[in-house]
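According to this note's numbering, the sequence shown is numbered sequentially starting from 1. Below you'll find the structure, written out as structure tokens, and then a few comments.
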Amino acid sequence: MKIKNKILLLVSSVITVILIGILGFNHFTFEKYYLSVKKKNLLTVAEKLKNPNIYIDFAKVEEENNIKIFLTKHEFLDESNFPLNKTEINDILTKKSVIYKITNEEYSPDRKLLLVTKYDKELLLVMVASLTSVIEPVEAINRIYIRIILIALAFGYLLSLILSRILSEPIISMGNTAKKVADMDFSEKFNFSSNDEIGELGRNLNIMEMNLKRNFDILKKDIELEKENDKMRKEFISNISHELKTPIAIINNYAEGLKEGIADDEESRNFYLDTILEETANMNDFVNSLLFLSRSERNFLEFNLVNFDIREIIKSEIKRLNKIYPEKKFRLIFKGHRFFGDVDQFSMIIKNFLDNACKYSEDDNIEITTSDNYFAIKNRSSIPEENLKNLWIPFYRADTARERKNGTGLGLAIVKDLLEKQKFVFGTYKEKEYIIFWLKGGDKWKI
């Protein structure tokens, strides 16, 4: 049964029981109660009338108490109106007893209550009180109570509906909210403002829902992150296998060729040997990059943070690259040059930025801008802007057609990790047909 119906049934039952109880009291008990009170009242009046020291006006007493008073000898009692037998009369005369009698035991409308007691040696005191005055009002009251019960039941039903709505609606609302929370749906809140226990329960339910939602979101993000990490680990292993497979195959094929005497002259043999040495060098660089990235991610690197001049590192790297890429033109804009960080690690960072610019620039112009704790490098590139965030991922290549000799694919991943360790912010963005890589020291790093 719903709580709304339970409240309705409970209130209606209480009202019905109370009103039926009042009706039953009037019908079965009120007359007896009234008769007891009437007897006590007659006895009190009788005691006063028998007191010889008090003057009593019988007419006044009759009027005040709505009774009739008779003084008579017992032989004059009329048995039809005063139904006393000889034994009762004898008890009155000898034992001074008080006898009560109700005339007309059939409960006709003219019933009377009689009190008979000894007044003096010869006379009996007879007091008669009518009971008709109580019977008719009680019957009228009972008829009124029946109407009142019907009206009260109708009113109680209406009141029950209102009360059940007031009490059940917030409980139903809490139930709906709790059900949705159980289904991991946190879209519904309990909206009921009151300072009672229901309101307090609702507020606690909202707090619980908010905490569950926060923890669920955190758990969901953790699961998604774990899935992403697992995917990245698989891709990482796949990329490592791919990067090592090609040079190993080349070395193996060229070594077999030399063994089988495929190179007849010195120049051919030197070509095969130089290729093998180049591939082993590339593999060595690749493995060293992997080891360096692993050590950095596990916080095995130590940083010696000092103030230094970034210009010295940039000029040294440009001098090295001029021998490799003599056609490249570097434009330097030094608005400031003081940096705070690890000099050796920054040499690797600047080296990676300049190597990438030289390898992947679509023209020969490269622009470098610095200010205090700020560095940016700009070159022409057709990489789509939506791919820029992926450039920091290990082994990512925006152009899959690039030759593998262009690099290991770990350079920017190493740069990202080193910059994060030294609390630098960094990023990349497009400006028309140019791509710009930048980094900047945080506010906590003082120059």
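The C-beta atom is built at its ideal place from N, Cα and C for all residues, glycine as well.
Worksheet item: CA-CA distance, K68 and S160?
Response: Counted from its first residue, the sequence shown places residue 68 at position 68. Counted from its first residue, the sequence shown places residue 160 at position 160. Rounded to the nearest angstrom, the two C-alpha atoms are 52 Å apart.
Worksheet item: Does DSSP classify V98 as helix, strand or coil?
Response: Position 98 of the sequence shown holds residue 98. Coil at V98, not helix or strand.
Worksheet item: Which same chain residues, not among the five before or five after L114, have their C-beta less than 6 Å away from its C-beta?
Response: Start at 1 with the first residue of the sequence shown, and residue 114 comes out as number 114. Correct list, in chain order: K101, V128.
Worksheet entry | First and last residue of the uninterrupted beta strand (DSSP E) at K112 | As a working mapping, residue 112 is identified with position 112 in the sequence shown. First-last of the beta strand (DSSP E) with K112: 112-118.
Worksheet item: Would you call L354 buried or exposed, if buried means 16 or more other Cβ atoms sit within 10 Å of its Cβ?
Response: Walking along the sequence shown from the start, residue 354 turns up at place 354. So L354 ends up on the buried side.
Item to complete: Alpha carbon to alpha carbon, how far is T275 from L266? Give it in angstroms, no decimals.
Response: One-based indexing of the sequence shown puts residue 266 at position 266. One-based indexing of the sequence shown puts residue 275 at position 275. For clarity, residue 266 is Glu in the given sequence; the question names Leu instead. Going from the Cα of E266 to the Cα of T275 covers about 14 Å.
Item to complete: Put I436 into one of helix, strand or coil per three-state DSSP.
Response: As a first step, residue 436 is located in the sequence shown; it is residue number 436 there, counting from the start. Looking at I436 - three-state DSSP - the assignment turns out to be strand.
Worksheet item: Alpha carbon to alpha carbon, how far is I447 from N229?
Response: On the sequence shown, residue 447 is found 447 positions in, with the first residue counted as 1. On the sequence shown, residue 229 is found 229 positions in, with the first residue counted as 1. Bear in mind that a pLDDT of 44 at I447, under 50, signals an unreliable position, so the model cannot answer this.
Fill in: Environment of A413 [buried if 16+ CB atoms lie within 10 Å]
Taking the first residue of the sequence shown as position 1, residue 413 is located at position 413. Buried, by the Cβ-count rule.
Worksheet item: Where S97 and L124 are concerned, what is the direct C-alpha to C-alpha distance, given to the nearest angstrom?
Response: Working through the sequence shown from its first residue, we reach residue 97 at position 97. Working through the sequence shown from its first residue, we reach residue 124 at position 124. Put simply, the backbone Cα of S97 is about 11 Å away from that of L124.
Discussion item. Is the separation between the beta-carbon of Y157 and that of S13 shorter than 8 Å?
Written reply: Numbered from its first residue, the sequence shown carries residue 157 at position 157. Numbered from its first residue, the sequence shown carries residue 13 at position 13. No; because the gap between Cβ atoms is not below 8 Å, this pair is not in contact.
Worksheet item: Alpha carbon to alpha carbon, how far is L43 from K112?
Response: Start at 1 with the first residue of the sequence shown, and residue 43 comes out as number 43. Start at 1 with the first residue of the sequence shown, and residue 112 comes out as number 112. If you take the alpha carbons of L43 and K112, they lie about 15 Å apart.
Worksheet item: Per DSSP, what kind of secondary structure is G257 in: helix, strand or coil?
Response: The sequence position of residue 257 within the sequence shown is 257, counting from 1. The answer is helix: DSSP assigns G257 an H, G or I state.
Practice prompt. Along the alpha helix (DSSP H) that carries Y34, what are the first and last residues, could you check?
Written response: In the sequence shown, counting from the first residue as 1, residue 34 sits at position 34. First-last of the alpha helix (DSSP H) with Y34: 30-50.
Practice prompt. Mind reading off the beta-carbon distance from M174 to G202? Whole number of angstroms is fine, and I expect it under 8 Å.
Written response: Working through the sequence shown from its first residue, we reach residue 174 at position 174. Working through the sequence shown from its first residue, we reach residue 202 at position 202. M174 to G202, Cβ: 6 Å. Contact.
Practice prompt. Could you pull out every residue in the same chain whose Cβ sits closer than 6 Å to the Cβ of K6, ignoring the five residues on either side in sequence?
Written response: To locate residue 6, count along the sequence shown from 1; it is residue 6. Around K6: no qualifying Cβ.
Worksheet item: So does the segment 381-388 actually touch the segment 312-321, counting three or more Cβ pairs closer than 8 Å?
Response: no
Item to complete: Would you mind working out which of L153, I350, F58 sits nearest E71, comparing C-alpha positions?
Response: Taking the first residue of the sequence shown as position 1, residue 71 is located at position 71. Checking the sequence shown, residue 71 turns out to be Leu, not Glu. The shortest C-alpha separation from L71 is found at F58.
Practice prompt. Give me the Cβ distance between T177 and E188, rounded to the nearest whole Å; I'm assuming they're in contact under 8 Å.
Written response: Taking the sequence shown and counting its residues from 1, the one referred to as residue 177 is at position 177. Taking the sequence shown and counting its residues from 1, the one referred to as residue 188 is at position 188. Right, the Cβ-Cβ distance comes to about 5 Å (below 8 Å), so this counts as a contact.
Worksheet entry | Helix, strand or coil at S316 according to DSSP, with G and I counted as helix | For the purposes of this step, residue 316 is taken as residue 316 along the sequence shown, with counting starting at 1. Looking at S316 - three-state DSSP - the assignment turns out to be helix.
Worksheet item: Over what stretch of residues does the beta strand (DSSP E) that includes R298 continue unbroken?
Response: In the sequence shown, counting from the first residue as 1, residue 298 sits at position 298. First-last for R298: undefined, no H or E at that position.
Worksheet item: The beta strand (DSSP E) spanning I56 covers which residue range?
Response: Taking the sequence shown and counting its residues from 1, the one referred to as residue 56 is at position 56. Here I56 belongs to no beta strand (DSSP E), and DSSP marks it neither H nor E.
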